[in-house]
Amino acid sequence: MYSKVISVFSSLQREAFISKGRMEGSLEVCLQSVTKSFCDENRQITILKNINACFQQGKTHAIVGASGVGKSTLLHLIAGLDKPTSGKILIGSDEISSLSSLERASKIGLVFQSPYLIKEFSVIENVMLAGKISGLSEIECKKKALYLLKEVELEQTENWEIGKLSGGQRQRITLARALMNEPSFLIADEPTGNLDEVTGNVVMSMILSYQKKSGMGIIISSHNPAVTSLMEKVFILKNGCLIESVEFVKAHEQRVKRV
Ligand SMILES: Nc1ncnc2c1ncn2[C@@H]1O[C@H](COP(=O)(O)OP(=O)(O)OP(=O)(O)O)[C@@H](O)[C@H]1O
Ligand SMILES: [Mg+2]
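In my numbering, the protein residues as written are -1 to 257.
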């Protein structure tokens, strides 16, 4: 009976899961004079210096920069996983650090370079977890998770153990999990960094296809020009400063014209 209910829900409402109305809009993530310093052997090192920037819902943004420049640090701040030393990060009119983890989950989904999945849970249980934490019912979680597994073309792995998945499959499962709460923004820290070129392209095309349908914003860090050329806006992080790159935007426009 239980599985029958789930299957009726999933076939009837598959396309209704992406509630574009909720996701589309003019929500912005804005950094205002953001500085981040760490203490290292009694020395203070400032990684991010007085950064001002805005990222729009519905748009795709990349952050590029050399290794160690502070890309992950910046994304962790935007995701609310850490706090700036000074300055503010707002999502809409709310300061990210003031939101509860549940409120953050509905606004921000996260994908990291190394996918972290819980070995003791099956694939679908891992995806469902994000919805359960934010209070969705078992049935709601399952129907969303099934829909998202289909989106990342891994519906056949629903009951697999995590150990059976390849690296690319794991990354697609973490993507599905990140989308469970229909976030307004997806923050992805080198999501293709551990993948071969072909698998990385598959993951990126899934991210972008979902972004188009949902209207969410994307903020992605990457070293890979193939990834950054897909983004509408590219910011370069260097010497603690974040500067929007006009050249990358031109390259993106030329690429779009060619397609
Ligand atoms: N918690 C911390 N305590 C001290 N230093 C830190 C901490 N987190 C990051 N750092 C330092 O901040 C700098 C930026 O690190 P970060 O991981 O943000 O760089 P990155 O641009 O993401 O590099 P990569 O491209 O290699 O992932 C590094 O020098 C790192 O050692
Ligand atoms: Mg990093």
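For every residue, glycine included, the Cβ atom is placed at its ideal position computed from N, Cα and C. These figures come from a predicted structure and were not determined experimentally.
- Rounded to whole angstroms, the gap between the alpha carbons of Val125 and Ile116 is 10 Å.
- Counting along the chain, Ala60 sits inside the beta strand (DSSP E) bounded by residues Thr58 to Val62.
- In terms of side-chain proximity, the C-beta atom of Lys69 is found nearer than 7 Å to a non-hydrogen atom of ligand 2.
- In the DSSP assignment, Ile205 falls within the unbroken alpha helix (DSSP H) covering Glu195 to Ser212.
- Here the distance from the Cβ of Ile49 to the nearest heavy atom of ligand 1 is not below 7 Å.
- In terms of CA proximity to Val109, Ala77 leads the group Cys139, Ala77, Ile137 and Cys28.
- Residue burial is scored here from C-beta neighbours: Val121 has at least 16 other C-beta atoms within 10 angstroms and is therefore classed as buried.
- Nearest in C-alpha terms to Asn48, of all of Arg41, Val27, Phe36 and Pro82, is Pro82.
- Considering only Asp80, Tyr114 and Ser212, the residue with the shortest C-alpha distance to Pro189 is Tyr114.
- Here the alpha carbons of Gly161 and Phe119 stand approximately 10 Å from one another.
- Restricting attention to Glu93, Lys105, Gly56 and Asn199, the CA atom closest to the CA of Asn179 is found in Lys105.
- If you check the C-beta of Phe110 against ligand 1, you find no heavy atom less than 7 Å away.
- Taking a C-beta distance under 8 Å as the contact criterion, Gln167 and Leu152 qualify as a contact pair.
- Per the DSSP secondary-structure output, Arg41 pairs in a beta bridge with Asp38.
- With respect to the 8 Å criterion, Ala103 and Ala143 are not classified as neighbours on the basis of their beta carbons.
- With a threshold of 16 other beta carbon atoms within 10 Å, Ser220 meets it and is buried.
- By the neighbour-count definition (other C-beta atoms within 10 Å, threshold 16), Asp187 is a buried residue.
- Fewer than three pairs of CB atoms, one per stretch, sit closer than 8 Å, so the stretch 131 to 142 makes no contact with the stretch 215 to 232.
- Per DSSP, the beta-bridge partners of Ala186 are Val109 and Ile218.
- In this structure, DSSP gives Ser96 a helical state, which the three-state scheme calls helix.
- Under the 10 Å beta carbon count, Arg41 is surrounded by fewer than 16 other beta carbons and is classified as exposed.
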